[in-house]
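Structure first, commentary second.
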Amino acid sequence: MSQNALLRISRPKHFSLMTSMTFANSSHRSVCRNSSRSISSITPYQNHMKRISNPQFQHPSNHFSTSTTKMSDTNKNFLLSNVFNVKGKVALVTGDGSGIGLMATQALAVNGAKLENVVKHHGQNIEGEIIPIVADVTQKDEIARVVKEIESKEKCLCILINNAGISGATQQTEAKTAEEMKKNLFDDESSTFDDWCNTYRTNVPQLFFMTTAFLPLLQKASDHQYRYSGTVINISSISGIVQSSQHHFGYNASKAAAIHLTKMLSSEIAGNGLKIRVNSIAPGEFPSEMTTGGESGQDQKSHIEKEKPGKDEEMAGAILFVATNQYLNGQTVAIDGGYILHAGA
1 MSQNALLRIS
11 RPKHFSLMTS
21 MTFANSSHRS
31 VCRNSSRSIS
41 SITPYQNHMK
51 RISNPQFQHP
61 SNHFSTSTTK
71 MSDTNKNFLL
81 SNVFNVKGKV
91 ALVTGDGSGI
101 GLMATQALAV
111 NGAKLENVVK
121 HHGQNIEGEI
131 IPIVADVTQK
141 DEIARVVKEI
151 ESKEKCLCIL
161 INNAGISGAT
171 QQTEAKTAEE
181 MKKNLFDDES
191 STFDDWCNTY
201 RTNVPQLFFM
211 TTAFLPLLQK
221 ASDHQYRYSG
231 TVINISSISG
241 IVQSSQHHFG
251 YNASKAAAIH
261 LTKMLSSEIA
271 GNGLKIRVNS
281 IAPGEFPSEM
291 TTGGESGQDQ
301 KSHIEKEKPG
311 KDEEMAGAIL
321 FVATNQYLNG
331 QTVAIDGGYI
341 LHAGA
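Just so you know, the sequence shown maps onto residues 1 to 345 in full-length UniProt numbering.
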């Protein structure tokens, strides 16, 4: 079983379809409990393309616009602590025990969010709180159980980071003849329908079911906080963008599906008048179990063979940006050191 966190930072290594979640919240009371202000009303405008077929559709970006015509009275609004403020936010991170999930957990917890888990090694000297949750996010009943568990502790969920995933089998793609290419891609024993289905099942449907299961709690985060919208961050990959298979067709296809699913969810959620943002982060080469052959935690950082792998702090910056920018919706942010520029999309 793998763990998830309402932001979690340390846990025993697990690697299976079960994902580790981390649930996070501030060491202070959560924003959902403290806030007495209701979210400001924003008059939406109808999207021209959908005005006829769906009169209720509201342009996603318009949902979250909080800009005004007046300049700020002070410069305090531009302090990093305000621009990227997650203090008191309740967050849930799946697959947080190592790699990118761990980076996300640390980024939020250190800055005052309340998450559920990886506590032992990384849960010290932080402003937030980390609580572990173990669940299989490929099972609806398990997801429903996690929702109930969080509902029993919190009145809302501010940030949901769907990070759990697997890479699947790899195949040799280089070949000099059609026969050799067939042998590599079709005849290879690792190239199976089961491998494709398992990879897709773990990397795509769980994004849909996790997001839709938490919609009420995410909307409550928007309702209870001034100028804030509950947010979902799907961790996809540049593998879903580049034209190369990178030796794993199934994985790349699943990540492309995850990116498009992000767009569909953001559009349909906004179309129903809900103030919930859904975005995706597409990492390049960062230390994780996928890129280091199953290594976990701090040891992963020395196993990347690229000249310039991504640093933990660079991923943390992306997480905080997407989590806090209220004008960002339906987008995929690539953090890849320029890899896509060279590989081609």
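We treat Cβ as the ideally placed atom computed from N, Cα and C, and that holds for glycine. Remember, predicted model here, so these are calculated numbers, not experimental data.
Through-space distance from I340 to I241, alpha-carbon basis
8 Å
In its own chain, which residues sit with a C-beta less than 6 Å from the C-beta of Q331, not counting the 5 before and 5 after it?
Counting only Cβ-Cβ distances below 6 Å, and skipping sequence neighbours, we find N279.
L261 and K215 - do their beta-carbons sit closer together than 8 Å?
Rather than Lys, the amino acid found at residue 215 in this sequence is Leu. No, they are not a contact pair.
Less than 7 Å between C-beta atoms, sequence neighbours within five positions excluded: which residues of the same chain meet that for F209?
Excluding residues up to 5 positions away in sequence, K140 and I143 lie with their Cβ nearer than 7 Å to the Cβ of F209 in the same chain.
Alpha carbon to alpha carbon, how far is A213 from Q225? Give it in angstroms, no decimals.
21 Å
Contact defined as beta carbons within less than 8 Å: I believe L265 pairs with L218. What is the distance between those atoms, to the nearest angstrom?
That belief does not hold up - the Cβ atoms of L265 and L218 are roughly 11 Å apart, past 8 Å.
Alpha carbon of I133 to alpha carbon of G168, nearest angstrom:
25 Å
Exposed or buried, what is I154 when buried is set at 16 or more other beta-carbons lying within 10 Å of its beta-carbon?
Note on identity: in this sequence residue 154 is Glu, with Ile being the wrong assignment. With 16 or more other Cβ atoms within 10 Å, it is buried.
Contact set for T170: own chain, Cβ-Cβ below 7 Å, skip 5 residues either direction
H247 and H248.
Check whether the Cβ atoms of I235 and I281 sit closer than 8 Å, and answer yes or no.
yes
On a CA-only basis, which of P283, N325, G317 and L320 is nearest P309? Give me that one, please.
P283
Whether I150 touches L92 by CB criterion (8 Å)
Going by C-beta atoms, I150 is nearer than 8 Å to L92.
Name the DSSP beta bridge partners of L157, please?
According to DSSP, which records beta bridges pairwise, L157 is partnered with nothing at all.
N272 burial status per 10 Å Cβ neighbour count (16 or more: buried)
N272 should be labelled exposed.
Span separating the alpha-carbon of D299 from that of F286:
Caution is warranted here: a pLDDT of 40 is assigned to D299, below 50, making its placement in the model unreliable, and the coordinate value is therefore given only provisionally. If you take the alpha carbons of D299 and F286, they lie about 13 Å apart.
Classify I166 as helix, strand or coil using the three-state DSSP reduction.
coil
Rounded straight-line distance, which links the Cα of T202 to that of A164:
7 Å
If I follow the unbroken beta strand (DSSP E) through residue 384, where does it start and stop?
The structure shown does not extend to residue 384, since the chain is modelled only from 1 through 345, so no value can be given for it.
Looking only at its own chain, which residues have a Cβ that is under 6 Å from the Cβ of A343, when we skip the five neighbours before and after it?
V242 and S244
Apply the 10 Å Cβ neighbour rule to A178 and answer buried if 16 or more other Cβ atoms are within range, or exposed otherwise.
exposed
Close Cβ partners of residue 429 (< 6 Å) along its chain, the five nearest in sequence each way excluded:
Within the shown structure, residues of the chain are numbered from 1 to 345, placing residue 429 beyond reach of any answer.
Do F321 and F84 have their beta-carbon atoms positioned less than 8 Å apart in this structure?
yes
Option nearest Q206 by Cα separation, candidates N162, T192 and R145
N162
Rank G95, Q106 and Y200 by C-alpha distance to the C-alpha of A256 and give the top, closest one.
Y200
To which residues of the same chain is V204 closer than 6 Å at the C-beta, ignoring the five residues directly before and after it?
S254, A257 and A258
For R277, three-class secondary structure by DSSP
strand
Which of the three DSSP states is assigned to A221 in this structure?
helix
What do you get for T192, buried or exposed, if any count of 16 or more other CB atoms within 10 angstroms of its CB means buried?
It is exposed - the Cβ of T192 has fewer than 16 other Cβ atoms within 10 Å.
Might you give, ordered along the chain, the residues of its own chain that have their beta carbon closer than 8 Å to the beta carbon of V333, omitting 5 neighbours on each side?
N279, S280, I281, A282, A318, F321 and V322
Given this structure, state the Cα-to-Cα distance separating V232 from V110, to the nearest angstrom.
20 Å
Span of the alpha helix (DSSP H) holding V322?
For V322, the enclosing alpha helix (DSSP H) stretches over residues D312 to T324.
Taking its Cβ as the centre, do 16 or more other Cβ atoms sit within 10 Å of L115, making it buried, or is it exposed?
buried
Give the secondary structure of T292 by DSSP, where H, G and I count as helix, E and B as strand, and everything else as coil.
Note that T292 scores 47 on pLDDT, short of 50, meaning its location in the model is unreliable and no value can be drawn from it.
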